[in-house]
Amino acid sequence: QKHKHMNTLGLAYGVAAFCRNTLHNIFLLYHVQYFFAVREISSSGFWACELMFLIYNSLNDFVAGALSDRALLAYVTPSLDHNSSDKKVSPGSASASAVTFARRIWAIKTGGPFFCASFLLFWIGLSPWPTLDLFIALIAYDGLLSYFDVNHAALMVDLAPSERERANLSMYNAIFSCLASFSVFLSFVVWDASEPRAFHLVCIALAATCTLGFLWSGHVFQAHHTTMINQISTTMEIAAASLTLTQCLRPWRVFLGQMLTSPNFMLFSALHLIQVFHCHFNSNFFPLVATTLLGQYIDRGMQSVLLGLSFTLPHLNNVFFSMLVASKGAYNVIKGLLWTKVLLAGAMLAAGPSSALLLCVFVASNRIFTEGTCRLLDLVVTDLVDEDRVRRGRQVALSALIFGTSNLLSKPGQTLAPLVGTSLVEATTGSARVEMLFTLVVWVPIIAGLLQLAAWSRFSLHGNRLHKIQQRITGLTNPSAFSIHLM
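In terms of our numbering, the sequence shown has 86 at position 86, counting the first letter as 1, and numbering is strictly consecutive.
Shown next, in the form of C-alpha cells:
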C-alpha cells in the first residue's frame with residue numbers, strides 16, 4: 001500500500017507537468033506566428049511588447065519564489081553553527097516548511113486553472129489592437145507560468161532529498177511531458193492562419209481538460225498532507241505576523257547577495273541563460289524551418305511527423321537520461337549532451353544543406369538533444385539548493401527562491417531568442433531566407449555549445465564535492481518535514 005501511495009504522488013507530479021506542457025507546447029510553437037499571420041501585428045509593435053516583456057519575464061520568477069518561500073525568510077541568515085553537533089531542524093523552521101509546502105499545493109491546484117485561462121488570451125483577442133492583446137497575454141500567461149514552474153520545481157526538493165530519488169521523480173515528469181506532446185500533432189493538423197476557428201476550438205478544449213488535471217493533481221498533494229492543511233490558517237497567520245514587508249526586504253537583499261557571490265550558481269546561470277535562448281530559438285522557429293528549409297524536400301504530412309517527434313523524443317530520451325543521471329550524475333550527462341550538440345552541428349556544417357535526409361535528421365536531433373539538456377537542468381538546481389543550505393548553514397532549504405533566482409538570470413534568453421531570430425529572418429526572402437535559416441540552425445548550437453562547455457568545465461558541484469554535500473543534508477534530522485521516497 002505504501003508503494004501504491006508513493007506512485008500516486010509521482011503520478012500527481014507527472015499530471016501537473018502534463019497539463020503545463022500540453023498548453024506550453026502550443027504557446028511556444030504558435031504565439032509568434034499567430035500574431036504575425038493572423039493578428040497582423042507590426043514589427044515595431046512586436047518588438048515593443050517583447051522588450052517590455054524582457055524585464056517582466058526576468059523578474060517574475062524571483063518574485064514567485066520569494067512569495068512561495070516568504071515563510072522561510074527568517075532562515076536566510078545562518079542560525080546553525082557549521083561546527084556544531086546539533087543539526088536538528090527547529091520547530092519554527094518545520095512549521096515554516098509546512099506553510100511553504102501548502103503554498104506549493106496552492107500554486108498547482110489554484111494557480112494551474114488560472115494559467116489555463118491566461119493561455120486562451122493569446123488566441124481570443126480582447127481588443128482590436130494586436131500589440132495591446134499580445135502584451136496583456138504575455139504578462140498574464142508568463143506570470144502564472146512562472147508561479148507554477150517555480151513551485152512545481154521546488155516540490156522536487158521537498159519530495160525527494162537524494163539525487164537518485166530526484167532522478168526518479170524527473171522520470172515521472174519526463175513520461176507525462178512526453179504524453180503532452182500529442183498537442184503538437186493535434187495543433188499542427190488544425191492550424192490554418194487563414195481560418196483559425198478550428199485551432200481556437202482545440203485550444204479551448206485543451207485548456208478545459210488541463211484545468212481538471214491541475215485540480216486533481218493539487219487534490220492528491222492536499223490529501224497527502226491533510227493534517228498540515230487543517231492547521232494551515234493558524235500557521236499562516238503566525239508566519240505572516242513574524243515578518244512584515246519591511247522585514248522581508250533585508251533577507252531578500254542578503255539572499256541575492258549570497259547567490260550572486262556563489263561561483264557554482266553563477267556558472268550554472270550562464271549555462272542556463274544560453275540554454276534557454278537555444279531552446280526557445282528552436283521552438284519559435286521550428287515551424288518556419290520545417291516549411292521553408294525542409295519544405296523543399298518533404299511534404300506537409302512528414303513535416304507534422306517531424307515536428308511531433310521533435311517534441312516527443314526529448315521526453316522519451318529524458319527517461320533514459322534520468323536513469324543515466326542516477327548512475328553517472330547530472331554533471332557528466334549534461335556535459336555529454338553539450339558535446340553531442342556541438343559535434344552534430346559541426347558535422348552538418350561540413351556536409352552542407354544539400355543532403356535532405358541528413359538535414360531532416362539534424363534539425364530533429366538538434367532540438368531533441370537541446371530540449372533533453374533543458375529537462376535535466378532542474379536536477380542541477382536541486383543540487384545547488386543543497387549546496388546553498390550546507391554552505392550557508394540554513395535550517396531549511398530555500399528551494400523556490402533559488403529556482404526563482406536562477407530563472408531571474410536565465411529568462412532574458414526566452415525574449416532574446418524571438419527578437420534575434422525575427423530580426424535576421426524577416427530581413428530576407430526567397431533563397432536568401434533559406435540560406436539564412438541554414439546558417440542559424442547550424443551556428444546557433446555550435447556557438448551556444450562551446451560557450452556552455454567553457455562554463456561547465458569550471459562547475460565544481462559534482463563528484464566527491466556533491467557526495468559530501470548530500471551526506472551533510474541526509475545527516476540532518478528530518479531535513480524535510482514532508483519528504484517522501486519514490487519507489
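The C-beta atom is built at its ideal place from N, Cα and C for all residues, glycine as well.
Nearest-angstrom Cα separation, counted from K341 out to L358: 15 Å
Status (buried if at least 16 other CB within 10 Å, exposed otherwise) for Q303: buried
Buried versus exposed call for P251 [16 or more other C-beta atoms within 10 Å across all chains shown]: buried
Presumed contact (8 Å Cβ cut-off) between N366 and P445, rounded CB distance: 6 Å
Terminal residues of the alpha helix (DSSP H) in which E387 lies: A356 to R392
Inter-residue spacing [alpha-carbon to alpha-carbon] between D81 and R392: At D81 the pLDDT is 38, less than 50, meaning the model places this residue with poor confidence; the figure from the coordinates comes in the next sentence. Roughly 10 Å separates the two Cα atoms.
6 Å Cβ shell around F122 - same chain, five flanking residues per side excluded: H31 and A137
For L466, the nearest candidate out of A454, D386, A107 and Q414 (CA to CA): D386
contact_flag[the stretch 264–273, the stretch 455–470] where n(CB pairs < 8 Å) is 3 or more: yes
Spatial distance of K468 from A330 (CA atoms): 16 Å
Segment contact, 8 Å Cβ cut-off, at least three pairs: the stretch 345–363 with the stretch 405–422: no
Separation of V276 from I55, as counted between CA atoms: 16 Å
Contact check, L398 vs D69, beta carbons under 7 Å: yes
Beta-carbon separation (whole angstroms), V202 vs L186, contact threshold 8 Å: 6 Å
Which listed residue (A167, Q296 and F27) has its alpha carbon closest to that of F320: A167
Those runs of the alpha helix (DSSP H) which lie wholly inside the stretch 159–207 and span at least 4 residues: 163–179 and 182–190
Helix, strand or coil at R433 [DSSP, three-state]: helix
Proximity winner among D383, G421 and L419, relative to N464 (alpha-carbon distances): D383
Alpha-carbon spacing of L159 relative to R103, whole angstroms: 14 Å
Beta-carbon spacing of N282, P418 below 7 Å: no
Residue nearest to R20 in terms of C-alpha spacing, selected from S194, D149 and I298: D149
Burial state of N60 (16 or more Cβ within 10 Å): buried
Alpha-carbon to alpha-carbon, N173 and A326: 15 Å
Cβ contact (3+ pairs, closer than 8 Å) linking the stretch 359–378 and the stretch 7–22: no
Alpha-carbon spacing of N134 relative to F214, whole angstroms: Asn is not the amino acid found at residue 134; the sequence shown has Leu there. When rounded, the distance between both Cα atoms is 25 Å.
Cβ distance (whole Å) where T209 is taken to contact L437 below 8 Å: In fact, because the Cβ distance is near 34 Å, the residues do not count as touching under 8 Å.
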